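Comments concern the structure below.
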Amino acid sequence: MKESFEPKNKKRITRESIIGLGEDSFRKNYYPELQDQLLALERINSRNKALITTIPDILLVSDKRGYITPFNVSKKENDSMALRIMRDKTVINRIREIVFQVAENRNLVVHNFEIKLGETHCYFEARIHISEVDEVLIMIRDTTEQVALENKLRDLADKDSLTKLYNRRRFEACLSKINLLHIQNMAIVLIDINGLKIVNDTLGHLAGDQIIITVSNIISETFCDIGIIARVG
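For the sequence shown, position 86 (counting from the first letter as 1) is numbered 113 according to the working numbering, and the numbering increases by one without interruption.
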């Protein structure tokens with residue numbers, strides 16, 4: 028009775044017939060195109076895996092609720108650092124706040140943060156953006172060497188090479204900023220070292236430089252918390 032209501036040529040619905048394989052395929056005529064698409068997807072997937080492997084950064088992924096997990100760690104030495112970042116409540120809570128912001132505004136946000144490991148300060152840059160599938164990707168790059176180089180260049184530009192105090196250029200820049208502020212009470216103290224020329228002439232400039240360094244250290248210890256100290260002469 029059942030066979031009389033079913034056409035004899037009815038095709039059986041199977042996985043192979045749906046995706047375009049076999050003689051019973053619903054999409055038999057489209058198999059070459061489907062195969063090309065599968066090969067293209069495999070190439071893209073392989074390329075993406077290779078790209079992720081070569082990235083030296085730490086990659087994290089978060090959902091829109093702020094649940095953050097490791098996405099990929101491309102270097103073994105980054106494993107411990109990724110765990111250290113995720114265990115730092117201050118850092119991860121701030122990143123989670125940015126995740127909520129990115130999920131709402133869908134804009135890229137760059138966040139710089141610092142982690143102290145013993146006596147060492149490590150600096151990082153996190154680039155946080157949302158994907159088309161509503162996953163928030165977090166790419167964290169170690170910028171410690173870059174920050175150290177920037178600080179070194181800044182010191183060369185702003186500090187006296189002998190005493191490590193601010194130089195005249197930085198002193199005048201600070202005065203320009205102070206001039207724009209409404210300050211009622213301010214004092215400028217000028218300190219000179221008497222007899223320095225005699226020391227240079229009799230004992231040599233190395234001895235004179237040592238006196239300048241010693242005096243600079245004393246001044247720094249006395250006034251560093253209450254003012255700007257610079258060697259302007």
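Even for Gly, the Cβ is constructed at its ideal location relative to N, Cα and C.
These numbers come from a predicted model, not from an experiment.
Of the listed residues the options, nearest to residue i (C-alpha basis)
| i | options | result |
| --- | --- | --- |
| Asn-120 | Glu-248, His-148 and Ser-89 | Ser-89 |
| Cys-251 | Asp-182, Leu-87, Lys-191 and Asp-228 | Lys-191 |
| Arg-168 | Tyr-150, Ile-253, Leu-176 and Gln-64 | Tyr-150 |
| Arg-197 | Ile-253, Val-163, Thr-171 and Asp-182 | Asp-182 |
| Asp-187 | Ile-122, Asn-72, Thr-249 and Ile-240 | Ile-240 |
| Val-129 | Arg-195, Leu-233, Ala-153 and Ser-107 | Ala-153 |
| Lys-91 | Ala-214, Arg-74 and Val-163 | Val-163 |
CB contact flag (residue i, residue j, <9 Å)
| i | j | result |
| --- | --- | --- |
| Val-118 | Ile-142 | yes |
| Arg-133 | Ile-157 | yes |
| Val-136 | Gly-93 | no |
| Asn-227 | Ala-234 | yes |
| Leu-87 | Ile-122 | yes |
Residues that residue i bridges to, as DSSP identifies them
| i | result |
| --- | --- |
| Met-166 | Leu-86 and Arg-154 |
| Lys-186 | Tyr-193 |
| Ala-257 | Tyr-193 |
| Gln-229 | The amino acid occupying residue 229 in the given sequence is Thr; Gln does not appear at that position. Thr-229 pairs with nothing; no bridge assigned. |
| Ile-95 | Ser-89 |
CB-CB length for residue i against residue j, believed under 8 Å
| i | j | result |
| --- | --- | --- |
| Arg-193 | Ile-238 | Strictly speaking, residue 193 in this sequence is Tyr, with Arg absent from that position. Not really, about 20 Å apart at Cβ, beyond 8 Å. |
| Ile-253 | Ile-218 | So it is not a contact: roughly 15 Å between Cβ atoms. |
Alpha helix (DSSP H) runs contained entirely in the segment 103-158, provided each spans 4 or more residues: Note on the segment 103-158: whole alpha helix (DSSP H) runs with a minimum of 4 residues are 105-114 and 116-132, in chain order.
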